[in-house]
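Take a look at the structure set out below.
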Ligand code: URA
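Residue numbers (the UniProt record's numbering): 2 to 435.
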């Protein structure tokens with residue numbers, strides 16, 4: 002059969018034909034190809050890789066397994082951003098409204114948190130009343146008026162990816178560059194966008210920690226997007242320390258609001274400007290990335306980005322008053338402070354321990370469908386490379402009491418290391434690929 006041919010072809014290092022790709026993916030989505038054959042093919046792809054044209058073919062076939070947003074004819078250029086995720090990465094939340102305030106449309110379909118990283122959708126849903134379930138017939142209209150939709154994946158967008166991802170998760174085949182690239186790109190292509198900015202992280206809190214492998218992923222995704230007719234730029238950025246100071250759902254919304262008011266941590270502001278500058282350039286709204294970044298910063302500083310965010314929140318059922326300072330975002334009842342045990346310089350060990358600490362407090366999820374406590378989390382009181390004295394606060398812990406605090410504290414002690422010598426801060430931006 003074509004499916005068995007596909008498996009043996011890839012096993013032997015060959016290139017899948019269009020017929021094989023089509024037979025496999027359409028058969029798998031229809032339930033005619035069993036998981037054991039799919040698992041064998043995925044493992045062969047992981048071990049053997051894919052050619053450029055073969056990967057484009059595979060990605061288009063994944064896209065064709067579902068429906069796409071029909072957004073032609075909007076007055077605004079359609080652009081989006083994807084991040085491979087990390088600890089404290091809330092950049093999308095200030096970014097989308099800032100870019101919308103500069104004239105773009107951002108049909109942002111994002112995911113939920115799983116394992117050690119948080120999801121943009123979960124963070125947004127900590128805003129009282131806000132729903133990320135936007136009906137298809139409202140999508141386009143909201144995009145035209147507000148320039149942003151924050152939505153979740155629906156069952157009819159790339160169903161092949163939903164099935165394949167679940168299988169990859171239990172067969173050791175997540176960590177394949179072609180499989181990751183086709184998974185991400187097929188979903189972004191379904192948004193019907195004209196330009197895409199990829200934030201590909203490296204460092205201990207990243208999906209792929211190694212910088213060189215991260216670079217390979219970025220290169221593959223930019224080339225794949227191009228082969229599928231989508232203009233894309235990738236920024237490779239450092240995730241060996243949290244982005245900003247806040248980690249945890251409603252705490253990250255609060256920090257995003259600081260950014261939308263023209264303040265907030267420098268690294269968050271810098272990342273939003275860099276990504277936004279690329280998005281505006283891809284959308285034809287600025288001459289180059291530097292000019293675009295300046296426009297984004299202006300929108301953050303003069304209140305237009307915040308206005309745009311308020312409008313989107315209201316449109317999606319959220320309470321705009323909850324966004325005011327002293328508003329009603331969920332707050333944990335208890336506050337603890339972890340202090341430096343000795344003097345030195347703050348550095349970070351394995352950032353995944355911060356994600357695990359958040360999960361220990363109830364702010365993470367092991368399985369899709371698990372409930373998340375939006376109020377718990379951390380706010381760093383010192384950042385990477387800072388000189389700290391013994392007894393100085395390192396991090397605030399927002400929690401609900403009980404044994405969870407001890408578990409979280411132990412994990413944070415491992416992740417936040419006070420070192421005896423200073424170190425140079427790794428720059429946020431490592432590379433740009435176009
Ligand atoms: N995110 C995705 O959407 N797919 C992958 O394969 C990996 C990360």
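Using N, Cα and C, we set each Cβ at its ideal position, and we do this for glycine too.
Taking 6 Å as the cut-off, is the CB of residue i close to at least one heavy atom of ligand 1?
i, result
"residue 178", "no"
"residue 184", "yes"
"residue 181", "yes"
Tell me the rounded alpha-carbon separation between residue i and residue j.
i, j, result
"residue 92", "residue 86", "10 Å"
"residue 20", "residue 8", "13 Å"
"residue 113", "residue 251", "15 Å"
"residue 299", "residue 84", "23 Å"
"residue 63", "residue 407", "45 Å"
"residue 403", "residue 374", "15 Å"
"residue 293", "residue 315", "27 Å"
"residue 154", "residue 334", "33 Å"
"residue 291", "residue 278", "6 Å"
"residue 410", "residue 241", "19 Å"
"residue 26", "residue 181", "16 Å"
"residue 389", "residue 80", "42 Å"
"residue 364", "residue 16", "43 Å"
"residue 266", "residue 239", "15 Å"
"residue 159", "residue 425", "43 Å"
"residue 107", "residue 392", "45 Å"
"residue 237", "residue 192", "23 Å"
"residue 281", "residue 34", "43 Å"
"residue 1", "residue 419", "This structure gives no information on residue 1, because the portion of the chain shown stretches from 2 to 435."
"residue 10", "residue 189", "29 Å"
"residue 161", "residue 214", "25 Å"
"residue 319", "residue 257", "16 Å"
"residue 354", "residue 136", "37 Å"
"residue 221", "residue 124", "29 Å"
"residue 413", "residue 157", "40 Å"
Is residue i helix, strand or coil by DSSP?
i, result
"residue 282", "helix"
"residue 397", "strand"
"residue 83", "strand"
"residue 343", "coil"
"residue 208", "coil"
"residue 111", "strand"
"residue 335", "strand"
"residue 314", "helix"
"residue 353", "helix"
"residue 302", "helix"
"residue 60", "helix"
"residue 420", "strand"
"residue 163", "helix"
"residue 221", "helix"
"residue 432", "strand"
"residue 38", "helix"
"residue 242", "coil"
"residue 143", "helix"
Check whether the Cβ of residue i sits closer than 6 Å to any heavy atom of ligand 3, and report yes or no.
i, result
"residue 223", "Ligands present in the displayed structure are limited to ligand 1, and ligand 3 is not among them."
Of all the options the options, which has the alpha carbon lying nearest to the alpha carbon of residue i?
i, options, result
"residue 400", "416, 75, 362", "362"
"residue 369", "323, 58, 120, 317", "120"
"residue 138", "125, 94, 419, 71", "71"
"residue 2", "28, 15, 53, 149", "28"
"residue 229", "51, 301, 58", "58"
"residue 13", "42, 73, 23, 37", "42"
"residue 269", "4, 254, 283, 282", "254"
"residue 344", "157, 421, 74", "421"
"residue 199", "77, 249, 193, 218", "218"
"residue 142", "372, 65, 77, 10", "77"
"residue 89", "381, 391, 412, 366", "381"
"residue 384", "423, 412, 371, 109", "423"
"residue 283", "196, 188, 185", "196"
"residue 273", "286, 295, 288", "295"
"residue 97", "319, 318, 24, 144", "144"
"residue 18", "31, 32, 54, 37", "54"
**OP:** Decide yes or no for the touch test of the segment 121-139 against the segment 323-331: beta carbon pairs closer than 8 Å, at least 3 of them.
**Re:** yes
**OP:** Answer yes if the segment 150-166 comes into contact with the segment 199-216, meaning at least three C-beta pairs across the two stretches below 8 Å, and no otherwise.
**Re:** Too few Cβ pairs lie closer than 8 Å, so no.
Original post:
Are the segment 215-230 and the segment 97-106 touching by the rule of at least three beta carbon pairs closer than 8 Å?
Top reply: no
**OP:** Report yes or no: do the segment 345-362 and the segment 298-305 share at least 3 C-beta pairs separated by less than 8 Å?
**Re:** At 8 Å Cβ cutoff, the stretches do not touch.
Original post:
Are there three or more Cβ pairs, one per stretch, closer than 8 Å when the segment 383-401 is compared with the segment 192-204?
Top reply: no
Original post:
So does the segment 168-187 actually touch the segment 30-49, counting three or more Cβ pairs closer than 8 Å?
Top reply: yes
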